[in-house]
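Written out below as structure tokens is the structure these notes cover.
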Amino acid sequence: RLNSRPGRFCSEQPLLRAAGMQALPMLSSGARDTLRLALPEGAVTNSRTVYAPLLEDSHAPLSAHLSARSTANTDIAVEGDIVQFAPNIFYAKEADGKVQLNVIRIGSLAGSCSVRYRTLDGSAVAGRKYKKTQGKIDFSPAEHARCIDIELINDDAFDTTLEFKVELFAAKNCTLQIRSTRCRVVVLDDDMFPSNDFEEEIKSGDDAALHAVGFRLLLAFISCTFFNVPTIAWKSIVMFLLAQLGNAYYLFTIMLRVYLVDVVLNLKDEETIDDLLIPGNRSATAMLLGAAWILPNVILTGVDYFDMTVLEMGFNIRKHWRVNLFRKYMNYTDASRREVPIQDLKTSIMEDIPDVVANGYLILFEFAGIVGKMACVAYFML
-18 RLNSRPGRFC
-8 SEQPLLRAAG
2 MQALPMLSSG
12 ARDTLRLALP
22 EGAVTNSRTV
32 YAPLLEDSHA
42 PLSAHLSARS
52 TANTDIAVEG
62 DIVQFAPNIF
72 YAKEADGKVQ
82 LNVIRIGSLA
92 GSCSVRYRTL
102 DGSAVAGRKY
112 KKTQGKIDFS
122 PAEHARCIDI
132 ELINDDAFDT
142 TLEFKVELFA
152 AKNCTLQIRS
162 TRCRVVVLDD
172 DMFPSNDFEE
182 EIKSGDDAAL
192 HAVGFRLLLA
202 FISCTFFNVP
212 TIAWKSIVMF
222 LLAQLGNAYY
232 LFTIMLRVYL
242 VDVVLNLKDE
252 ETIDDLLIPG
262 NRSATAMLLG
272 AAWILPNVIL
282 TGVDYFDMTV
292 LEMGFNIRKH
302 WRVNLFRKYM
312 NYTDASRREV
322 PIQDLKTSIM
332 EDIPDVVANG
342 YLILFEFAGI
352 VGKMACVAYF
362 ML
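This note's numbering applies: residue -18 is where the sequence shown begins, and numbers increase by one.
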């Protein structure tokens, strides 16, 4: 195995021939090119690493050097062309609208070849951050590079830096470089939290300006959480309905009390005997009312369990914003990180996010429950 240092390609073949070995080029991406040494049958081998210079002309395709040397020296045999991404990671801003990926072909460039490609979800999900794409790349003879365009979805929703992958597969008349069959596409979000409508006030850092738009800022946070945190939209609707379930039980108990006093326990009015749930039996009717009073509590207990173990609204919202904030921080430059003390980041994650989630979003369902109960009381008072 001969590992070549960046710079020039190894041209000292006499040494290899003297040892009875043949150098077969195995092209790969990265800082080094690797040569496979073919030993004569029955040779005694010993593992050793040798570093050799590369060709001085770094601008010419490596395949051209190999083709030229193959003509002059029959000890070098060129294998099939290799197709890969170059580089393995691409960056794009959400506002760019698309990202262009480079796919290169290395080798003799003789004849035609093709590969297929497809997008794969990562932290960025198709339909939300980019459009799912798949297709085929055809290389014509002597063609060494092609491009893939992936459309990005530009919205006003705040997101951290997200990424997805693009994969090459189903190569025809060529070989895929194993380490470069997939590339990462990193999408940089440029939106403000919780809305771009308050970009000027947020960037100013003026507390007075933020307080002036405080209520609208709260509404923007509620909207941002409802529409952008995964699963929270349907969970919020279910949570709102469950909050009213307690009020339905409260209304039901009021009706039971009225019925118990006006009918079951009203011994002075003989006509009430006909209005009993179990005709002619006040005691059985009273027991039935007692069961109707107690059994709904089992349902309410199950609802509380469902809220804590299935919905987990608070946990999911806190996790989403904590992950977003930490990813945002990790993608800062070193200079930007120095402007944000790590203690401030810790305070935001451990204190500020739980506080704004509890008092800015989850409190809405408590408020909805209180309003519903007031409506029940008003119904009987009126």
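Backbone N, C-alpha and C define an ideal beta-carbon position, used for all residues, glycine too.
Residue nearest to residue i in terms of C-alpha spacing, selected from the options
| i | options | result |
| --- | --- | --- |
| D102 | C128, E144, P211, L133 | E144 |
| N340 | L363, I298, S95, Y313 | I298 |
| Y111 | A73, A273, Y240 | A73 |
| L257 | K249, A272, Y240, A273 | Y240 |
| V219 | V284, M173, F174 | V284 |
| L200 | F361, G353, V352, V338 | V338 |
| K117 | P211, G108, T100 | T100 |
| T212 | L363, V167, E320, V291 | V291 |
| D119 | E75, L90, E320, Y286 | L90 |
| Y98 | Q65, A316, D188 | Q65 |
| D137 | A152, V279, R163, S176 | S176 |
| L306 | G108, S217, L326, F196 | L326 |
| F150 | T142, T141, S161, D140 | S161 |
| D333 | K300, W215, K249 | K300 |
| F139 | D178, G108, N154 | D178 |
| S93 | R109, G295, G61, M362 | G61 |
| L343 | F296, V168, I235, R197 | F296 |
| G227 | G353, R86, R165, L269 | G353 |
| F361 | L191, E148, M236, L82 | M236 |
| K153 | A107, V96, N135, A193 | V96 |
| L345 | F207, V147, P260 | F207 |
| A356 | A76, L82, Q225, A67 | Q225 |
| K146 | R109, A105, N135, P122 | A105 |
| G108 | A189, N135, P335 | N135 |
| F71 | G78, V168, M294, L281 | V168 |
Cα-Cα separation between residue i and residue j, rounded to whole angstroms
| i | j | result |
| --- | --- | --- |
| K113 | L133 | 10 Å |
| D170 | G88 | 38 Å |
| F156 | C128 | Correcting the residue type first, residue 156 is Thr in the shown sequence and not Phe. For T156 and C128, the distance between alpha carbons rounds to 18 Å. |
| I183 | Y230 | 45 Å |
| V358 | R238 | 14 Å |
| L246 | L222 | 34 Å |
| A349 | L276 | 24 Å |
| I330 | W274 | 44 Å |
| Y310 | R318 | 7 Å |
| V210 | V84 | 35 Å |
| V80 | D130 | 6 Å |
| F202 | V244 | 51 Å |
| S264 | V242 | 13 Å |
| Q158 | E124 | 18 Å |
| Y313 | T142 | 10 Å |
| G186 | E180 | 10 Å |
| I323 | D315 | 13 Å |
| L270 | F287 | 27 Å |
| R303 | A214 | 19 Å |
| M173 | C164 | 28 Å |
| G261 | D255 | 7 Å |
| L198 | A272 | 48 Å |
| A76 | C205 | 19 Å |
| A12 | A126 | Its pLDDT being 39, under 50, A12 is placed unreliably by the model, and nothing is read from it. |
| E148 | A67 | 13 Å |
| T328 | N278 | 40 Å |
| S217 | N69 | 40 Å |
Collapsed DSSP secondary structure at residue i in the structure displayed
| i | result |
| --- | --- |
| V168 | strand |
| N69 | coil |
| G116 | strand |
| A126 | strand |
| L143 | strand |
| S89 | coil |
| L363 | coil |
| V194 | coil |
| S176 | coil |
| G341 | helix |
| D325 | helix |
| A201 | helix |
| D188 | helix |
| A349 | helix |
Strand pairing of residue i, partner residues [DSSP]
| i | result |
| --- | --- |
| Y111 | A107, L133 |
| E148 | R99, R163 |
| T156 | I63 |
| V84 | F66, R127 |
| C94 | F120 |
| K354 | Answer is none; K354 lacks a bridge partner. |
| K79 | E132 |
| K74 | L169 |
* Entirely within the region 257 to 323 and at least 3 residues each: give me those beta strand (DSSP E) ranges in chain order. => List check, beta strand (DSSP E) in window: nothing returned.
* Asked: Residue ranges of each alpha helix (DSSP H) run of no fewer than 4 residues wholly in the region 210 to 257, ordered along the chain?
  -> 213 to 240, all fully within the region 210 to 257.
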